[in-house]
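See below for the structure under consideration.
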Amino acid sequence: MAEIPRFTEQALVVEEPAGENLIFRISAERIDTTNAVDFRAVVENSLDNEFRNYILDFSKVGLIDSSGFSVLIMLAKKMPPEKNIFLTSLNKDILKVFTMMRLDSLFRIFSSTEEVLADNSY
Numbered sequence: 000m001a002e003i004p005r006f007t008e009q010a011l012v013v014e015e016p017a018g019e020n021l022i023f024r025i026s027a028e029r030i031d032t033t034n035a036v037d038f039r040a041v042v043e044n045s046l047d048n049e050f051r052n053y054i055l056d057f058s059k060v061g062l063i064d065s066s067g068f069s070v071l072i073m074l075a076k077k078m079p080p081e082k083n084i085f086l087t088s089l090n091k092d093i094l095k096v097f098t099m100m101r102l103d104s105l106f107r108i109f110s111s112t113e114e115v116l117a118d119n120s121y
């Protein structure tokens, strides 16, 4: 079993549900210059694991600044072609920025983690 990474200062909780999914339940209120590098390291280091689907749950995140968006874009570009990255539970303001920046075409966005787990189209 692959080692599950942990985000510094308890800002990210990682769960391993059954199957090929690794869920990152982010408990930081913000993804910004103070934690974007650590956030990137945790997710990036997990890409070598056996998981096929990486689900980032943003239900507790109220703000993503430009450094946070940069990390997400970089992660999407580094994602191996046989793996998937899904974003869930974005608040309406963050979702609006994703849409304005056309990042909704780069990521599959779901309203909840449960919705991703129920979707078999990936």
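For the sequence shown, the positions run 0 to 121 when numbering that gives the first Met the number 0 is used.
Note that the Cβ used here is the ideal one computed from N, Cα and C, for glycine as well.
Note that the structure is a prediction, hence the values are computed from the model and not measured.
Around Ser111, the same chain offers Thr87, Ser88 as residues with beta carbons nearer than 7 Å, after the five sequence neighbours per side are excluded.
Counting other Cβ atoms within 10 Å of its Cβ, Arg39 reaches 16 or more and is therefore classed as buried. Per DSSP, Asp92 lies in no beta strand (DSSP E); the unbroken alpha helix (DSSP H) holding it starts and ends at 91 to 99. DSSP places Thr112 inside the alpha helix (DSSP H), whose first and last residues are 112 to 117. Judged by DSSP secondary structure, Asn20 falls within the beta strand (DSSP E) whose first and last residues are 20 to 25.
Asp118 counts as exposed, since fewer than 16 other beta carbons sit within 10 angstroms of its beta carbon.
Separation of Ile63 and Lys91 (C-alpha to C-alpha, rounded to the nearest whole angstrom) is 12 Å.
Shown here for Leu55: same chain residues with a beta carbon closer than 6 Å to its own, the five before and five after excluded, namely Phe23, Leu86 in chain order. Thr33 and Ala27 have their C-alpha atoms spaced approximately 11 Å apart.
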